[in-house]
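Some notes on the structure that comes next.
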Amino acid sequence: MAVTNIIRAIGRRVVDAVWRIGVVARFFFLTLIYSGSCFRRFHLIIKELFSTGVMSLIIIVVAGLFVGMVLGLQGYETLKRYGSESALGVMVALSLVREMGPVVAALLFASRAGSAMTAEIGLMKATEQISAMEMMAVNPIARIVAPRFWAGVISMPFLAAMFSAVGIFGGYLVGVVQIGVDEGSFWSQMQAAVDFREDIMNGIIKSLVFGTVVTLIALFEGFDAPPTAEGVSGATTRTVVTSSLAILMLDFVLTAIMFRGA
Amino acid sequence: MSLNSLVEIRDLNFTYDKRPVLQGINMTFPKGKLVAIMGLSGCGKTTLLRHIGGALKPTKGYVKMDGQVMHELDQDGLYAMRRKMGMLFQFGALFTDMSVYDNVAFQMREHTELPEEIIHDLVIMKLHAVGLRGAQHMMPSELSGGMARRVALARTVALDPMLIMYDEPFAGLDPISLTVIGDLIRRLNDALGATSIIVTHDIQESLKIVDYVYFMANGVIVAEGTPDELRASDKDFVRQFVHGEMDGPVPFHYPGVDYRQDLNLRA
Amino acid sequence: MERTTLDLWVGMFVVAGMAALVMLAMKVGNLGTYNVSESYQVHAYFSNIGGLKPKASIRSAGVLVGRVTSISLDTDKYEAHVVMNLDSRYQFPRDTFANILTSGLLGEQYIGLMPGGDEEMLKNGEQLKQTQSAMVLEDLIGKFMYSKAAEPAK
Chain A
-12 MAVTNIIRAI GRRVVDAVWR IGVVARFFFL TLIYSGSCFR RFHLIIKELF STGVMSLIII
48 VVAGLFVGMV LGLQGYETLK RYGSESALGV MVALSLVREM GPVVAALLFA SRAGSAMTAE
108 IGLMKATEQI SAMEMMAVNP IARIVAPRFW AGVISMPFLA AMFSAVGIFG GYLVGVVQIG
168 VDEGSFWSQM QAAVDFREDI MNGIIKSLVF GTVVTLIALF EGFDAPPTAE GVSGATTRTV
228 VTSSLAILML DFVLTAIMFR GA
Chain B
8 MSLNSLVEIR DLNFTYDKRP VLQGINMTFP KGKLVAIMGL SGCGKTTLLR HIGGALKPTK
68 GYVKMDGQVM HELDQDGLYA MRRKMGMLFQ FGALFTDMSV YDNVAFQMRE HTELPEEIIH
128 DLVIMKLHAV GLRGAQHMMP SELSGGMARR VALARTVALD PMLIMYDEPF AGLDPISLTV
188 IGDLIRRLND ALGATSIIVT HDIQESLKIV DYVYFMANGV IVAEGTPDEL RASDKDFVRQ
248 FVHGEMDGPV PFHYPGVDYR QDLNLRA
Chain C
300 MERTTLDLWV GMFVVAGMAA LVMLAMKVGN LGTYNVSESY QVHAYFSNIG GLKPKASIRS
360 AGVLVGRVTS ISLDTDKYEA HVVMNLDSRY QFPRDTFANI LTSGLLGEQY IGLMPGGDEE
420 MLKNGEQLKQ TQSAMVLEDL IGKFMYSKAA EPAK
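Residue numbers (the working numbering), protein chains in the order written: chain A, -12 to 249; chain B, 8 to 274; chain C, 300 to 453.
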């Protein structure tokens, strides 16, 4: 008896998960279908770019600087053992452009902008703003979800690029200015080793994927949240947890696809 | 079906999770009239309103608005129909990320191609009608409950709807705001030549302003009539409701096991 | 917030993002160094390429002049066929010598070009005739052992 119960519980979990994925996919599909109007009225996206992109700037820049400085310090300590301190620039740049930039920026984006998005939409639902919009014959997916979605997708690569750029500057500060690694070899080795298509473009593609996934999760959780205070706070937590896990798992998959062939 | 009724509800049944919420509702809302639907919390009033707005599909029966059955409309037809309706939500449901002005202008910008100057004049006129022209630059979070309700009212009538629905318009208001809102509802209805449906449990305020009342309890209509008829009614339920008596057909005690048994007393 | 200040902030955000991307491409990546100029293609056969990889650099007198585009095995000769892209600013004589070299003792491998004395210059699609294979460490050690063994014992 107990065995059948366990199997039944597993079955229900799987069915629920598949069902939920289907609902998210349908939500994504609807968002794409109703995206037309927000591109015709671009100021809707601009308004959301402010609250997702501009408002995340400070945390991205500060975090990027410190991550770059730590990379510079740790990288120097490790490379020194093999007498190849001149490769510090390569190490800092490659770690940032390929991995840290897209991943850490997306994690920060999920907790800064994603959670805010979920909470905002959840509250709109709890205070009947979404029902009100529907009663005014305005499609909430077109008016609320689509502009936020595109703002998230657009701002993520910019944020990741800024994170990497500031991070490399941080590595430069620690490595060249403070420790005294040769400035010429820092930059020239970096330029020789970092390939635009292979490394930078792949980093941008990664951040685009992360931006899409994080924004979609945040919007869906907000839209799906029970219209109560607990419902909204639970959905906000779920946004951060789910999107962080999704970022890390997708990062592995994307890295395996992108960098294995080379 | 009479020519001068805007909304007709015939034999409306709605079942949610096998629990009957509405049973055999028949209602008529004549053009130009203010009709109240009253009842206790949880009696199905809001569900009924959502049926009129086309947000729910009835299990049986239909809601007909302006000659068309709501639940048979497709998405475009439904949205076209909703443009003729306005709905005031319980706590106003103002868009918190927009100013008062933008809230009122919202539908005009979404649904019309009007130039911004004309929208400006229309918004000012609507805000003037509710007495809040001076608050146009404020954000919803800066408004008091009564002001928010009035802004929401201005937004509801922004496109001069044929049908205005009010979901608990009096909930949580102080006595002065209450009178102001009640008065506004009546005046706006007559000025716009619209038809209004008020869902409420605030009996005293609504009896002052409405033309006709339906009483609901447990998903059925238990009484109907003009305010004068209801005040004079000798039905137990109506009397308890109108006069706010504590015990009556609606018991004070929620059904439970015997009191003495619950206290573990032996008889 | 006023529409114009909003636009200003978002504009600044986009410009900063673009600037970061351009900086990554030009200063950090190699887009600034070689992809921009025109190039021509030459190819060569090596009997052993060691650890040479596509995109490895091609240098002449230490200056980066191009990159390896593809490496394949020619099954007629059983030799490695290497195609390379050279910057058209740099022209080389037809008898240029291609050498697979290593940067540092265990570093990356690259192709070094040593110009010959021919009057005619290499054209697009032509072959570098004279090549020298990579030095493979095991072969070197093997040769060294062999010559040691051949020495008469004292």
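Glycine residues also receive a C-beta, built at the ideal position from the N, C-alpha and C atoms.
Within chain A, no C-beta atom comes nearer than 9 Å to that of residue 124 of chain B; the closest sits roughly 18 Å away.
The CB of residue 125 of chain A comes closer than 7 Å to the CB of 117 in chain B, given here in chain order. Just measuring C-alpha positions, the residue of A:222, A:93, A:27, A:71 sitting nearest residue 48 of chain A is A:93. If you draw a 10 Å sphere on the C-beta of residue 186 of chain A, you find 16 or more other C-beta atoms in it, and that means buried. Spanning the alpha carbons of residue 214 of chain A and residue 59 of chain A requires a straight line of approximately 47 Å. Against chain B, the beta carbon of residue 118 of chain A has neighbours under 8 Å at 62, 96, 100, listed in chain order.
The alpha-carbon of residue 19 of chain A is positioned some 11 Å away from that of residue 203 of chain A.
Of all residues in the segment 214 to 231 of chain A, none places a beta-carbon less than 7 Å from a beta-carbon of chain B. For residue 186 of chain A, a Cβ of chain C is located within less than 8 Å of the residue's own Cβ. Our two residues, residue 422 of chain C and residue 356 of chain C, have alpha carbons roughly 20 Å apart in a direct line.
Secondary structure at residue 382 of chain C: strand, using DSSP grouped into helix, strand and coil.
As computed with DSSP, residue 173 of chain B is found in a beta bridge with B:95, B:205.
In this chain, the alpha helix (DSSP H) harbouring residue 437 of chain C covers 436 to 449.
By the beta-carbon neighbour count (other beta carbons within 10 angstroms, threshold 16), residue 58 of chain B is buried. DSSP, read as helix, strand or coil, puts residue 22 of chain A in coil.
Nearest Cα to residue 424 of chain C within the set C:339, C:317, C:318, C:326: C:339. Taking C-alpha positions only, residue 212 of chain A is separated from residue 227 of chain A by approximately 14 Å. For residue 149 of chain A, the enclosing alpha helix (DSSP H) has its first and last residue at 133 to 159. The contact set of residue 193 of chain A on chain C, defined by CB atoms closer than 8 Å, is empty, because the minimum CB distance reaches about 13 Å.
Within a 10 Å sphere around the beta-carbon of residue 436 of chain C sit fewer than 16 other beta-carbons, which makes this residue exposed.
For residue 220 of chain B, DSSP records a beta bridge to B:43, B:232. In terms of beta-carbon proximity, residue 114 of chain B lines the interface with chain A, with at least one pair separated by less than 8 Å. Annotation: residue 382 of chain C to residue 358 of chain C spans about 15 Å, alpha carbon to alpha carbon.
Assignment of residue 328 of chain C by DSSP, reduced to helix, strand and coil, places it in the coil class. Cβ-Cβ distances below 7 Å link residue 74 of chain A to 66, 176 in the same chain, with the five nearest sequence neighbours on each side left out; the list follows chain order. Taking a cut-off of 8 Å for Cβ pairs, the segment 180 to 197 of chain A and the segment 81 to 99 of chain A touch, as three or more such pairs fall below it.
Between the beta-carbon of residue 65 of chain B and that of residue 113 of chain B there is about 30 Å, and that puts the pair past the 8 Å contact cut. Not a single C-beta of chain A is nearer than 8 Å to the C-beta of residue 145 of chain B.
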